[in-house]
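There are 2 protein chains.
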Amino acid sequence: MPDTDLKTEDLDGCGPLLPEQDSQAKSNRRQVFEAVRASGIIPRVELARQLALSPATVTQITTELIEAGLIQESELPREGDSPRGRPPVGLRVQATAATVVGIKISDRSNSAVVLDMAGNLLGSATLPAPPTARSTEEVLSEAEAIIQAALDDAGPGIEPQTIALGLPGMVDFITGRVLWCPFMEETDVPLRDLLQNRLHRPVRIDNDANLLALAELWFGEGRALDNFAVVSIEHGLGMGLVIRNQLHRGGMGHGMELGHTKVQLDGALCRCGQRGCLEAYVADYALVREAHTALNLGHQSTCADVMLETLYAQAKDGNALARTIFARAGRYLAAGLANVVTLYDPALILLSGDRLRYDYLYAEDVLSETHALTYRPGRPPTPVEIHAWGDLVWARGAGALALDFATEMRVG
Amino acid sequence: MPDTDLKTEDLDGCGPLLPEQDSQAKSNRRQVFEAVRASGIIPRVELARQLALSPATVTQITTELIEAGLIQESELPREGDSPRGRPPVGLRVQATAATVVGIKISDRSNSAVVLDMAGNLLGSATLPAPPTARSTEEVLSEAEAIIQAALDDAGPGIEPQTIALGLPGMVDFITGRVLWCPFMEETDVPLRDLLQNRLHRPVRIDNDANLLALAELWFGEGRALDNFAVVSIEHGLGMGLVIRNQLHRGGMGHGMELGHTKVQLDGALCRCGQRGCLEAYVADYALVREAHTALNLGHQSTCADVMLETLYAQAKDGNALARTIFARAGRYLAAGLANVVTLYDPALILLSGDRLRYDYLYAEDVLSETHALTYRPGRPPTPVEIHAWGDLVWARGAGALALDFATEMRVG
DNA sequence: TTGTATAGTTTGACTGCCTAATTAAATGCC
DNA sequence: GGCATTTAATTAGGCAGTCAAACTATACAA
Numbered sequence: 081m082p083d084t085d086l087k088t089e090d091l092d093g094c095g096p097l098l099p100e101q102d103s104q105a106k107s108n109r110r111q112v113f114e115a116v117r118a119s120g121i122i123p124r125v126e127l128a129r130q131l132a133l134s135p136a137t138v139t140q141i142t143t144e145l146i147e148a149g150l151i152q153e154s155e156l157p158r159e160g161d162s163p164r165g166r167p168p169v170g171l172r173v174q175a176t177a178a179t180v181v182g183i184k185i186s187d188r189s190n191s192a193v194v195l196d197m198a199g200n201l202l203g204s205a206t207l208p209a210p211p212t213a214r215s216t217e218e219v220l221s222e223a224e225a226i227i228q229a230a231l232d233d234a235g236p237g238i239e240p241q242t243i244a245l246g247l248p249g250m251v252d253f254i255t256g257r258v259l260w261c262p263f264m265e266e267t268d269v270p271l272r273d274l275l276q277n278r279l280h281r282p283v284r285i286d287n288d289a290n291l292l293a294l295a296e297l298w299f300g301e302g303r304a305l306d307n308f309a310v311v312s313i314e315h316g317l318g319m320g321l322v323i324r325n326q327l328h329r330g331g332m333g334h335g336m337e338l339g340h341t342k343v344q345l346d347g348a349l350c351r352c353g354q355r356g357c358l359e360a361y362v363a364d365y366a367l368v369r370e371a372h373t374a375l376n377l378g379h380q381s382t383c384a385d386v387m388l389e390t391l392y393a394q395a396k397d398g399n400a401l402a403r404t405i406f407a408r409a410g411r412y413l414a415a416g417l418a419n420v421v422t423l424y425d426p427a428l429i430l431l432s433g434d435r436l437r438y439d440y441l442y443a444e445d446v447l448s449e450t451h452a453l454t455y456r457p458g459r460p461p462t463p464v465e466i467h468a469w470g471d472l473v474w475a476r477g478a479g480a481l482a483l484d485f486a487t488e489m490r491v492g
Numbered sequence: 081m082p083d084t085d086l087k088t089e090d091l092d093g094c095g096p097l098l099p100e101q102d103s104q105a106k107s108n109r110r111q112v113f114e115a116v117r118a119s120g121i122i123p124r125v126e127l128a129r130q131l132a133l134s135p136a137t138v139t140q141i142t143t144e145l146i147e148a149g150l151i152q153e154s155e156l157p158r159e160g161d162s163p164r165g166r167p168p169v170g171l172r173v174q175a176t177a178a179t180v181v182g183i184k185i186s187d188r189s190n191s192a193v194v195l196d197m198a199g200n201l202l203g204s205a206t207l208p209a210p211p212t213a214r215s216t217e218e219v220l221s222e223a224e225a226i227i228q229a230a231l232d233d234a235g236p237g238i239e240p241q242t243i244a245l246g247l248p249g250m251v252d253f254i255t256g257r258v259l260w261c262p263f264m265e266e267t268d269v270p271l272r273d274l275l276q277n278r279l280h281r282p283v284r285i286d287n288d289a290n291l292l293a294l295a296e297l298w299f300g301e302g303r304a305l306d307n308f309a310v311v312s313i314e315h316g317l318g319m320g321l322v323i324r325n326q327l328h329r330g331g332m333g334h335g336m337e338l339g340h341t342k343v344q345l346d347g348a349l350c351r352c353g354q355r356g357c358l359e360a361y362v363a364d365y366a367l368v369r370e371a372h373t374a375l376n377l378g379h380q381s382t383c384a385d386v387m388l389e390t391l392y393a394q395a396k397d398g399n400a401l402a403r404t405i406f407a408r409a410g411r412y413l414a415a416g417l418a419n420v421v422t423l424y425d426p427a428l429i430l431l432s433g434d435r436l437r438y439d440y441l442y443a444e445d446v447l448s449e450t451h452a453l454t455y456r457p458g459r460p461p462t463p464v465e466i467h468a469w470g471d472l473v474w475a476r477g478a479g480a481l482a483l484d485f486a487t488e489m490r491v492g
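Structure, rendered in structure tokens:
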């Protein structure tokens, strides 16, 4: 049929111009290794089932991995009723195959964890962070110090294979540059390469909100989900997003800024200079600001933490004004979470962060308010869970990043 | 090293439990085919470069595809300066290899397009839709009728290989069920399978907001992006999201509901029954509602469209009240778009939909307001573009879906 | 002409995976 | 205890897909 018969002649073609998958799928070798690590202990049959590979292939790949010292055979825990047939042989990661360090630098404390190839925690350390703005050189020294402290805690003779570092602010994961960080003097710092040169080891860096999501994806509630959001409540409100089992770093590779979504046009003043940001209602400085007014604390120049504790105590004691402060913050938080649900429809929202002691903010009220503010007829409400782990979450998230890196290098 | 040396023993393993990629990557055969279609005309060398394949492999695959009648050799348009060496031979898809139909059913009009394998438009049709609620049987008949009309327009002898249907409401792409649709009497209808049985052809169905995103991904501005959002403004406010070159259908496979994000706590009443939804400020019914008050049209029971036109005309004539209506709607829309930017950080936001004639709503003001409401220091503002195509966009999006389906079946 | 540059094909080998047959290691039944 | 049964894992043989390298094809330039 000649072209002239066509009503439209599309010489530019149609369809997406970019390849769909990121480069190519992981090799079966790597998939097998990761399935073993994800399971803890798993027999070959089960690997074949999970990965839709033939038993022959699994045998071949696992033999290679065992020879390479990456996995090992291991007794499988006995079930109650032992079935007939040849008993399966368990496989597990050779934990000592590699060691990695994940660290988090912030303006409160620096922390680090040492993980082995199986993800076991070998050691950790937390050091206070200087409250002042810091030079790049200082940050590098702090990183080195906290790594050393964690390695010391883990015991002698550990040589980490890879290192991952997380810090707040705008971090470009791809280029490894810190575009902006609240406590750093300089901007647009190629921190990854600087640290790499200093430590003579491969380094990755990422935004701390992303690390939180990675921590949940690797070690926490998100492991069985291919799709969830992690909201962190601290100084600001951060968000990490996992989509199709992968961290979504946004167009530019930075964390998502839930704190600066608008929940009220011309609303409260945010420290970013705009009005109506969620952060301006929920973050600690917003609460402190109201506490000043409500509790006649205006003349005191106590630090924010103390002031918040005071406010919380008063609310608990029945102070109505103090209660309204938390109640309002809670309602706005609910609106923000409802927006996340409406825009993403994640399978789960995890609330994470240090401030979970302010129960008022994360009480049942907030959760039910979130559901009330979400329009999803006929669908079950999106579960919202509070996940409070210790100060080491971020470092563990960085550890996951480092582990992934090490896996890429060792397994391929 | 014995296990007892470890500080934590993680028998449950670590790392994501689900496979990262969706099943497996596309075959090279399919990648080659899709690259040819995406390019329009492309020589083998370029295919090898783009897909990182050896020339030998490209030769083999293209030979197969030619033999299968899926692509063909074609003259390559001459550049101005002809370089030395053997001139490349162009490849293009054999447009006649397959034909598909994409249709959209709504409460205003039904439309359909006929596309060939190259994505060329062979024919189309639009029919008015009955304004009343419809039974499943009626919807099926309408679908059949609009398909026939489009096929008639395309000419004789066309047998579509696959069909894709889009409609508003909650559509589960995976199961092919319509959980809820504004104009359908029944709920939870297995529409895909019903249509399949009726037409004796493979069918896919999807939400109309998703189709819009697919239309942009296949034929529009989104082709060169791996990451963008499409916002559609009609009765409601829908959103489709492309992430990593793939449509993000949310946890349940429905479209995202931008219209019901909260931009004002305890704000205007939305038809969903909640308060402060973006839709309650921006959708046509919200404008009409205010027009009633502002323009003393309360006694008239004219239809919404006429009322909106009146309002728009008055605003153009300088009526201050009418102007404030559009101005307010524009500001809230800006806040909603700013939230999308803040939460997703897409590479581009496309504004799409029928109502683009209400210039006031999408004027420069809205775009600059969007940027003003977005906190992204040091980063260039997210581009927001208005994309007005005709009434056939949705059908074309459905066509893309059908084309993808046909490709899967024919190319593998 | 002949040289050179670029596009595309042919050949042979290799990798990775699969099917099918075989071996291994347990239980249950007689 | 011995043997059938059942499930796990390995081995053997083969096929599909890809690549490197050598080769052919087709243009322009000198």
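Chains X and A are the protein sequences, given in the same order. Residue numbers for the first sequence follow our numbering, beginning at 81 and rising by one. Residue numbers for the second sequence follow our numbering, beginning at 81 and rising by one. Note that beta-carbon positions come from the ideal geometry of N, C-alpha and C, so glycine has one too. If you're wondering where the values come from, they're calculated on a predicted model, not measured in any experiment.
DSSP-derived helix/strand/coil call for residue i
i: Q326/X; result: strand
i: E153/A; result: strand
i: K87/A; result: Confidence at K87/A is low in this model, with a pLDDT of 45, below 50, so its placement is unreliable and no value can be given for it.
i: Q344/A; result: strand
i: M336/A; result: strand
i: L391/X; result: helix
i: K396/X; result: helix
i: R41/X; result: Chain X is shown from 81 up to 492; residue 41/X falls before or after that span and cannot be answered.
i: G93/X; result: coil
i: T404/X; result: helix
i: P82/A; result: Note on P82/A: pLDDT 37, under 50, position unreliable in the model; no value is reported.
i: S107/A; result: coil
i: L98/A; result: coil
i: A177/X; result: helix
i: I183/X; result: strand
Top-ranked residue by Cα proximity to residue i, from the options
i: V251/A; options: E465/X, F485/X, D471/X, P457/X; result: P457/X
i: P157/A; options: G170/A, R164/A, L247/A, G149/A; result: G170/A
i: D273/X; options: T267/X, A374/X, V283/X, P210/X; result: V283/X
i: L431/X; options: Y365/X, G356/X, A295/X; result: A295/X
i: C501/A; options: L131/X, M197/X, T179/X, G235/X; result: In the structure displayed, chain A extends from 81 to 492; residue 501/A sits before or after that span and is not available.
i: L292/X; options: G492/X, S119/X, T487/X, D471/X; result: D471/X
i: I466/A; options: L305/A, G237/A, G300/A; result: G300/A
i: V405/X; options: A366/X, G120/X, D306/X, V464/X; result: Note that residue 405/X is Ile in the sequence shown, not Val. If we check each option's Cα against that of I405/X, A366/X comes out closest.
i: I185/X; options: E389/X, T206/X, G433/X; result: T206/X
Extent of the continuous beta strand (DSSP E) run through residue i
i: R284/X; result: 283-287
i: V310/X; result: 307-313
i: N169/A; result: According to the sequence shown, residue 169/A is Val rather than Asn. Segment: none, V169/A is in no beta strand (DSSP E) and carries neither H nor E.
i: I141/A; result: Segment 135-147 is the alpha helix (DSSP H) holding I141/A; no beta strand (DSSP E) there.
i: S191/X; result: 189-196
i: L367/X; result: Run containing L367/X: none in the beta strand (DSSP E); it sits in the alpha helix (DSSP H), 364-374.
i: L202/A; result: 201-208
Contacts that residue i makes with chain A (C-beta to C-beta distance below 7 Å)
i: K342/X; result: V343, A415, A418, N419, L453
i: E114/X; result: G95
Cross-chain neighbours of residue i in chain A, by beta carbon under 8 Å
i: R117/X; result: G93, C94, G95
Closer than 8 Å at the beta carbon, the chain X residues around residue i
i: W260/A; result: P457, G458
i: L338/A; result: T422, L423
Residues that residue i contacts on chain X, provided the C-beta gap is smaller than 9 Å
i: N277/A; result: Here the premise fails: no neighbours, minimum Cβ distance about 25 Å.
Chain X contact residues for residue i, given Cβ-Cβ distances below 7 Å
i: Y412/A; result: L345
Contact test: residue i Cβ vs the ligand NAP heavy atom, cutoff 6 Å
i: V420/X; result: Among the ligands in the structure shown, none appear at all, so the ligand NAP cannot be discussed.
Delimiting residues of the alpha helix (DSSP H) encompassing residue i
i: T450/A; result: 444-452
Beta-carbon neighbours of residue i, restricted to chain A and to distances below 9 Å
i: L297/X; result: G95, P96
Point to revise | Complete runs of the alpha helix (DSSP H) confined to the stretch 455-491 of chain X [at least 4 residues] | key: Entirely contained in the stretch 455-491 of chain X, the alpha helix (DSSP H) runs reaching 4 residues are, in chain order, 473-490.
Review point. Mind pulling the beta strand (DSSP E) runs of 3 or more residues that sit fully within the stretch 233-291 of chain X?
Key: Within the stretch 233-291 of chain X, the complete beta strand (DSSP E) segments at least 3 residues long are 242-247, 250-252, 257-260, 283-287, listed from N- to C-terminus.
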